[in-house]
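First up is the structure itself, then whatever we jot down about it.
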Amino acid sequence: MRADGPADGVHVSLPELRRIGPDALRGAGLPLAQADEAALMVTWTEAAIGGALAEVGALRGRPPSTPGGLAIRTVDAGTVVVDAGGRGLLELGVRIADFACAEAAARPGAQVVVRDTSGARFVPYLVRRCAFLGYRAVGRYVAGAPDADAPSAAAAWPREPARGRDRRLVVVRAAGAQSARAHALAAIDDDLHDLLGGDADGLVLSCDRPTAAGADRSAGDDLGSGASRVARDAARLAAEAGADAASEARFVTALRDGLVVDAAHHAAFTALAAAIRVPTSERSRAQAG
Amino acid sequence: MVTMPPAAAGSGVRRLPLGPWEEWLRGVFGAELEDVLSCLRGEDEVMTPEALRAMPPTRLSFTNGLVRRMLDRGWSIGRRHLDIDRDGCGTAVYEIEAEGVTFHFGVFAHPPDEARQGRIREDEYDFFGAILEGPVDMERLARDHDAFTRSAWGARTTADTYGWTVANRSNRLFEHVAGELARGVQPTAAHLAANGGYLIRNAGYYGNGRAGTRAWRSLPDGHPLASPYHADVLSLFLWRIAGCDIVEATARARNPAAPALDPALTRGLGVGNSSGIGTVAALVRWPAWLSSYVLAREVALAHAISRPGPIDAKCTAHVLALLARAERLYREEPPRELLFEQPAAIAGALQRITAAVAELARSGLVGATAPRRPWGEVAALAASTGCREACEQLHAILVEAHAETTDAVAALIPRGMAVERVVRPEQPVGELRALLDERFDWALAMDLSAPGAREFFWYRSEENGENRRGVRAQDPGAEGETFVDVAGIVQRLAQALAGVPAGVRVGRFLLEHPEHAFAVSRVQLAGRVPFGEIRANLLDAAFRPGDAIRFFLSVLGVERPGAASPQWVRGVFFQGAPLLDDLPGGGHDDWMFPHHAG
Chain A
0 MRADGPADGV
10 HVSLPELRRI
20 GPDALRGAGL
30 PLAQADEAAL
40 MVTWTEAAIG
50 GALAEVGALR
60 GRPPSTPGGL
70 AIRTVDAGTV
80 VVDAGGRGLL
90 ELGVRIADFA
100 CAEAAARPGA
110 QVVVRDTSGA
120 RFVPYLVRRC
130 AFLGYRAVGR
140 YVAGAPDADA
150 PSAAAAWPRE
160 PARGRDRRLV
170 VVRAAGAQSA
180 RAHALAAIDD
190 DLHDLLGGDA
200 DGLVLSCDRP
210 TAAGADRSAG
220 DDLGSGASRV
230 ARDAARLAAE
240 AGADAASEAR
250 FVTALRDGLV
260 VDAAHHAAFT
270 ALAAAIRVPT
280 SERSRAQAG
Chain B
0 MVTMPPAAAG
10 SGVRRLPLGP
20 WEEWLRGVFG
30 AELEDVLSCL
40 RGEDEVMTPE
50 ALRAMPPTRL
60 SFTNGLVRRM
70 LDRGWSIGRR
80 HLDIDRDGCG
90 TAVYEIEAEG
100 VTFHFGVFAH
110 PPDEARQGRI
120 REDEYDFFGA
130 ILEGPVDMER
140 LARDHDAFTR
150 SAWGARTTAD
160 TYGWTVANRS
170 NRLFEHVAGE
180 LARGVQPTAA
190 HLAANGGYLI
200 RNAGYYGNGR
210 AGTRAWRSLP
220 DGHPLASPYH
230 ADVLSLFLWR
240 IAGCDIVEAT
250 ARARNPAAPA
260 LDPALTRGLG
270 VGNSSGIGTV
280 AALVRWPAWL
290 SSYVLAREVA
300 LAHAISRPGP
310 IDAKCTAHVL
320 ALLARAERLY
330 REEPPRELLF
340 EQPAAIAGAL
350 QRITAAVAEL
360 ARSGLVGATA
370 PRRPWGEVAA
380 LAASTGCREA
390 CEQLHAILVE
400 AHAETTDAVA
410 ALIPRGMAVE
420 RVVRPEQPVG
430 ELRALLDERF
440 DWALAMDLSA
450 PGAREFFWYR
460 SEENGENRRG
470 VRAQDPGAEG
480 ETFVDVAGIV
490 QRLAQALAGV
500 PAGVRVGRFL
510 LEHPEHAFAV
520 SRVQLAGRVP
530 FGEIRANLLD
540 AAFRPGDAIR
550 FFLSVLGVER
560 PGAASPQWVR
570 GVFFQGAPLL
580 DDLPGGGHDD
590 WMFPHHAG
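These protein sequences, in sequence, are chains A and B. When the letters of the first sequence are read in order and numbered with numbering that gives the first Met the number 0, they come out as residues 0 to 288. When the letters of the second sequence are read in order and numbered with numbering that gives the first Met the number 0, they come out as residues 0 to 597.
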């Protein structure tokens, strides 16, 4: 929810979400090793898209996922299928985006298909992450089994995502040609039908080779500080690497002004962060420092 | 007595990765860069707890940076309101004009609680302060105060608040000074110095996004607070000013004829502080942060060390003057209780260093030779004293004496703190493994199965979320421990990488082994920037958090550090710093090692 959200919401700053996020995600069952990156994704998504805190809060009470469990299968020289076994993009999305970039670097035109996952609202962030790493990416989310209440559940990024539903399939495609974006969007339905029989939700994330800006730049090395760097990054990501300009603008605004989030979602988020804290005792107080 | 390697005056230390900084530094040093880099100390020498513990504040510390900015850019701070009763309760407001931006600091002074001693609790405090954007707005100040009073940890504000801060009266000095002034006499400098040297001690700052406040990274370039920790240390500076105003107003409420504090005494008062192990967790959590400060400091030092002889007479005179002030300060300091080297020993070592510099000034010789790099030889002689803190004070003095270059290098700090720790997925595993072996050899060599190696874990307490340290075999909470175990994750990563073909890309490896993502990002960052890791096992029974706490506080600018326990370090900020009357004229910027008469 953005700065123009409900008056009964809670005003938060992005650094605050970023700071609490790793603990909240650990409280939600994510391992330490992934909580930090996932917190970045949640922070950006809450600011630019909305709904991320609710998604994290929904994990409360669920059993933590166990390490491993991913089945990775190379279909042909250009396609890799990852079966997420029901694990969502909140947990795996960053790894999937990074995998897509690594595949694109190694094999232009490679395609990664991720099955049985969830968390559609995080796809724009994954597109952005690819852009940040220097890859041009386009994502397209496609609803799964026909639903009488949701006649059209296809959505592409850069642009606002549709409401996600429970069972999802993500396709990550990496292509070498300059026309990869158009190609991906045009061909994805056929690909989905070929790969999945056409009855599952899906997302296409299509990655070009490194952008001109990214090719001579290491991630995070764009030296500069403060809001102007963030705005410059946002403009560059949008202009050169295919991230969504409107989402970037919302992110920059939220960084400056903060944002209003739903009070219940915020409470659930902070409660998750508190879940990893240790109850107070006299012995605990003696250990303070 | 400790031993240590001599300062590396061209001693052939392995070239450190400078990644994004190489070109930036070339812009600062031009053709001299290689010469400067040849004098850069190695991480084994700089990043151990023992070395970090000995590092005092420098010209690059945040308090110094803030004061210099205030003076150079003509900030003005004016008291707009002061209403304090005979018990020291009431309100005060200050308006700050800084580089075209107006903000204000409001203070709410509550009754003293003489029973309050020891640990800080955020829901028990004498003073609440808020730094707000814009001209003075009493209603907004009252709203923020009310919100904080209702719930220190649950309160919310908006993005026009830079931060909230709480503080307490010094039990030893506040009432004493108010009473003396009310009697019409000045307190003595000796009494002030012997009882901490502050009227108010900091009890916490809630900013940089906390509770909905504005974060420094969201401020536009050029904004006076758009640098790391500038808002935090500004709050400390303002407490120092407000403390003196409130104590004087308290005395006047008791006796309208009470005098103001002698300005010489006021200048010598700082603001007290005590910090715990959460600062260490912060150093581990933000390796780019740690790297930025240490790299800037080490490059500034390397530049000074690299200066060829003969050394300019003005420079040696400056160094001698600062050494004399440092020695005097240590001689005045009472013995320290724990952890840190004793002041008398440091003063003795400084005396030997002073003699060497005096000889250099007289004859151009150090130890009977005319060295190519005289400061390098003096630093080596300092190392031979075996006193780390004396060596590091010499280094701080050399950094101060080369102010122009140091100030140029200071621009690295906010930029470096913004460098992201991001996985680079295209990197082949073979390269990652080589990087791991090269940059984390110190961690890979540790025996983590040795007795005591996993003695402690760090956790967040339910009580206010503060970091505490539990005994792994006895205390609950290890499953949610705060991350400080760099050596552990690096060793596990090394094991996981062992059988992976060199050509596999990191993105693929991490998809199959996401549990190593955090470690990979740290290793890759260490391949681009140096000085980002404390070279120690922080879980080990032998690790003393006070070493790293003191370093953290030195980065901020704390003076006169002392440890009441291995997990707490106290000290004083801004002793000797400019007062409000100094600001418009840009004067009194030389406040290193202030002298307290008496």
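A virtual CB, placed ideally from N, CA and C, is assigned to each residue, including glycine. Model, not experiment: these values are computed from the prediction.
- The beta carbon of residue 424 (chain B) sits closer than 8 Å to some beta carbon of chain A.
- Beta-bridge pairing by DSSP links residue 89 (chain B) to B:83 and B:108.
- Looking at the DSSP output, residue 567 (chain B) shares a beta bridge with B:564.
- The straight-line gap separating the alpha-carbon atoms of residue 375 (chain B) and residue 16 (chain B) is approximately 23 Å.
- In the three-state reduction of the DSSP assignment, residue 127 (chain B) falls in the strand class, which pools E and B.
- Excluding its 5 nearest sequence neighbours in each direction, residue 54 (chain B) has C-beta neighbours in its own chain below 6 Å: 391, 550 and 553, listed in chain order.
- Taking the beta carbon of residue 212 (chain B) as reference, the chain A residues within 7 Å of it are 12, listed in sequence order.
- In the DSSP assignment, residue 10 (chain A) falls within the beta strand (DSSP E) that extends over 9 to 11.
- Close partners of residue 31 (chain A) in chain B (Cβ separation under 8 Å): 482 and 517.
- Residue 207 (chain B) has a beta carbon lying within less than 8 Å of a beta carbon in chain A.
- Residue pairing for residue 132 (chain B): DSSP places it in a beta bridge opposite B:102.
- By the criterion of a C-beta distance shorter than 7 Å, residue 12 (chain A) is surrounded in its chain by 257, once the five residues flanking it on both sides are discounted.
- Taking 9 Å as the cut-off between beta carbons, the residues of the stretch 532 to 566 of chain B near chain A are 544, 545, 548, 564, 565 and 566, in sequence order.
- Check the Cα spacing between residue 190 (chain B) and each of B:203, B:200 and B:172: the tightest is with B:172.
- Residues of the stretch 451 to 470 of chain B with a C-beta atom less than 7 Å from some C-beta of chain A are 458, 459, 460, 461, 462, 464, 465, 467, 468 and 469, listed in chain order.
- Annotated three-state conformation of residue 330 (chain B) is helix, per DSSP.
- For residue 499 (chain B), the CB contacts under 7 Å within the same chain, skipping 5 residues up- and downstream, are 428 and 508 in chain order.
- Sixteen is the threshold: when 16 or more other Cβ atoms of the shown chains lie within 10 Å of the Cβ of residue 86 (chain A), as they do, the residue is buried.
- The beta carbon of residue 106 (chain A) does not come within 8 Å of any beta carbon belonging to chain B, so the residue lies off that interface.
- Residues of the stretch 96 to 126 of chain A that bring their beta carbon within less than 8 Å of a beta carbon in chain B comprise 97, 98, 99, 100, 101, 102, 104 and 105, in sequence order.
- Going by beta carbons, residue 547 (chain B) and residue 227 (chain B) fall outside the 8 Å limit.
- The residue among B:329, B:88 and B:212 with its C-alpha nearest the C-alpha of residue 231 (chain B) is B:212.
- In chain order, 118, 275, 276, 460, 462, 465, 466, 467, 468, 566 and 567 make up the part of chain B whose C-beta sits under 9 Å from the C-beta of residue 287 (chain A).
- Along the length of the stretch 268 to 299 of chain B, whole alpha helix (DSSP H) runs at least 4 residues long occupy 277 to 284, reported in chain order.
- In the DSSP secondary-structure assignment, residue 163 (chain B) is bridged to B:129 and B:205.
- Pairing residue 194 (chain B) with residue 342 (chain B), the inter-Cα distance amounts to about 17 Å.
- DSSP links residue 75 (chain B) through a beta bridge to B:96.
- For residue 10 (chain A), the number of other beta carbons within 10 angstroms of its own is at least 16, and it is reported as buried.
- Taking a Cβ-Cβ cut-off of 7 Å, residue 448 (chain B) has no neighbours in chain A, whose nearest Cβ is about 21 Å from it.
- For the stretch 152 to 177 of chain B, the residues whose beta carbon sits under 7 Å from a beta carbon of chain A are, in order, 155, 157 and 158.
- In this structure residue 121 (chain A) is in contact with residue 44 (chain A), their Cβ atoms being roughly 6 Å apart against a cut-off of 8 Å.
- Per DSSP, residue 457 (chain B) is one residue of the beta strand (DSSP E) stretching across 455 to 459.
- Listed along chain B is no residue with a C-beta nearer than 7 Å to that of residue 246 (chain A); the closest approach is about 17 Å.
- Under the DSSP definition of a beta bridge, residue 427 (chain B) partners with B:504.
- The beta carbon of residue 523 (chain B) sits closer than 6 Å to those of 423, all from its chain and outside the five residues before and after it, given in chain order.
- A distance below 7 Å between beta-carbons, with the five flanking residues on each side excluded, links residue 17 (chain A) to the following residues of its chain, in chain order: 38, 39 and 42.
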